[in-house]
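In the working numbering, the protein residues as written are 7 to 331.
C-beta atoms are modelled at their ideal positions from N, C-alpha and C, and glycine is treated no differently.
Please read the structure below before turning to the comments.
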């Protein structure tokens, strides 16, 4: 729409929608604000997953039933594809949508509807929003104008590539990134993004292996590509709005190896924790068995351990092993 004109009442609702989304009240708060100026009785947010290329219902309110196949059916309609190009909301029953509405909405008493594609300000598509009412005259041109105005803000709540929730125990002072099983990297809400994790292509595979394991969390040391040691924590998380996708948070911060351990000693500890014997460690690290024995003597002294079993227990508990990166 080339020109958007809103009344003071609509401008207040516009600001309130932005406040609710930014303040993490999210969809319920934003829709309460919209209901002050639009006579909607039900709404459905549909998210577009860039990993699968498919749409799915994310959050709905006011419907007795939401058909599971409705989202994919709707986005294949020619009128919706045209709405994607023009970014103008569609009204219920426009040519090309009649069959969809007769199947999914009219049987439940809905007589008015408005659907808008959701694009972030940067232009990336994240999904769509359905609004419905039993009043045939519920949605005026002013309603369409209002929805057009707030749609870039509402697009954030359907953005599956950015939002991460329900990460348990993300430690303070760490930078982080999250991954789902497909390897898609996502930001972690409320935690600074990790440029180091983003620069390491093997992090996605580490996250996938962790997600598929039975571990709730994991700690370890990582020597990044610049030669900087980093303390790393892996945590289970639900990613996407409402934690809908199984994922993992990888949090890191720069560090020096604890207990004055050398890099080589960290390597030896890692092999001990894997169950390797001294000859196996020597072969893996291209050292003599005598050198491995000397390293172990130093490690036992620094950590106050008297056996390999005790060393392994402490190394795993305190994250003294080098991660396989």
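| Query | Result |
| --- | --- |
| Taking the C-alpha atoms as reference points, what is the distance between residue 94 and residue 159? | 15 Å |
| Using beta carbons (cut-off 8 Å, strictly below), is residue 225 in contact with chain C? | This model lacks chain C altogether, as it is built from one protein chain only. |
| Where does residue 26 land, buried or exposed, given buried means 16+ other C-beta within 10 angstroms? | buried |
| Between which residues of its own chain and residue 186 is the CB-CB distance below 6 Å, once the five residues before and five after are set aside? | 245, 251 and 253 |
| Under a Cβ-count criterion, where at least 16 other Cβ atoms within 10 Å of its own Cβ denotes burial, should residue 231 be classed as buried or exposed? | exposed |
| Taking 8 Å as the threshold, find out whether the stretch 200-210 comes into contact with the stretch 273-284 through three or more Cβ pairs. | no |
| If you draw a straight line from the alpha carbon of residue 234 to that of residue 277, how long is it in whole angstroms? | 21 Å |
| What is the DSSP secondary structure of residue 160, counted as helix, strand or coil? | helix |
| Between which residues of its own chain and residue 322 is the CB-CB distance below 7 Å, once the five residues before and five after are set aside? | 279 |
| Tell me, which residues are paired with residue 251 by DSSP? | 245 |
| Using the beta-carbon count (16 or more within 10 Å), is residue 243 buried or exposed? | buried |
| Leaving out five residues before and five after residue 85 in sequence, what residues of the same chain have Cβ atoms less than 8 Å from its Cβ? | 96, 100, 101, 102 and 103 |
| Within 10 Å of its beta-carbon, does residue 89 have 16 or more other beta-carbons around it, so buried, or fewer, so exposed? | buried |
| Less than 8 Å between C-beta atoms, sequence neighbours within five positions excluded: which residues of the same chain meet that for residue 288? | 294, 295, 297 and 298 |
| Could you check where the alpha helix (DSSP H) with residue 52 kicks off and where it finishes? | Where residue 52 is concerned, there is no enclosing alpha helix (DSSP H), although the beta strand (DSSP E) it sits in stretches over 48-55. |
| Exposed or buried, what is residue 258 when buried is set at 16 or more other beta-carbons lying within 10 Å of its beta-carbon? | buried |
| Would the C-beta of residue 236 count as close to the ligand ZN, meaning under 7 Å from any of its heavy atoms? | Among the ligands in the structure shown, none appear at all, so the ligand ZN cannot be discussed. |
| Assign residue 220 to one of two classes, buried (16 or more other C-beta atoms within 10 Å of its C-beta) or exposed (fewer than that). | exposed |
| Is the Cβ-Cβ distance between residue 23 and residue 45 less than 8 Å? | no |
| Going by the CB atoms, is the gap between residue 190 and residue 176 shorter than 8 Å? | no |
| Does the distance from the CB of residue 2 to the CB of residue 326 come in under 8 Å? | With the chain covering only 7 through 331, there is no way to say anything about residue 2. |
| Is the CB-CB distance between residue 329 and residue 212 below 8 Å? | yes |
| Applying the criterion that 16 or more other CB atoms from any shown protein chain within 10 Å of the CB defines a buried residue, is residue 239 buried or exposed? | buried |
| Residue 315 to residue 69, Cα distance in whole Å? | 59 Å |
| Return the Cβ separation of residue 63 and residue 52 in integer angstroms, given the expectation that the two are a contact with Cβ distance under 8 Å. | 6 Å |
| Could you check if residue 164 is buried or exposed, using at least 16 other CB atoms within 10 Å of its CB as the buried criterion? | buried |
| Expressed to the nearest angstrom, what Euclidean distance is found between the alpha-carbon atoms of residue 20 and residue 119? | 20 Å |
| By the 10 Å Cβ neighbour count, where 16 or more other Cβ atoms means buried, how is residue 114 classified, buried or exposed? | exposed |
| Give the single residue among 311, 260 and 188 whose Cα lies nearest to the Cα of residue 56. | 188 |
| Return helix, strand or coil for residue 323, following the three-state DSSP convention. | helix |
| Just to confirm, is the Cβ distance from residue 122 to residue 134 under 8 Å? | yes |
| Strictly by DSSP, which residues pair up with residue 122? | 135 |
| Along the chain, which unbroken stretches of the alpha helix (DSSP H) at least 4 residues long are found entirely within the stretch 282-314? | 284-291 and 295-309 |
| Using DSSP with H/G/I as helix, E/B as strand and the rest coil, what is residue 221? | coil |
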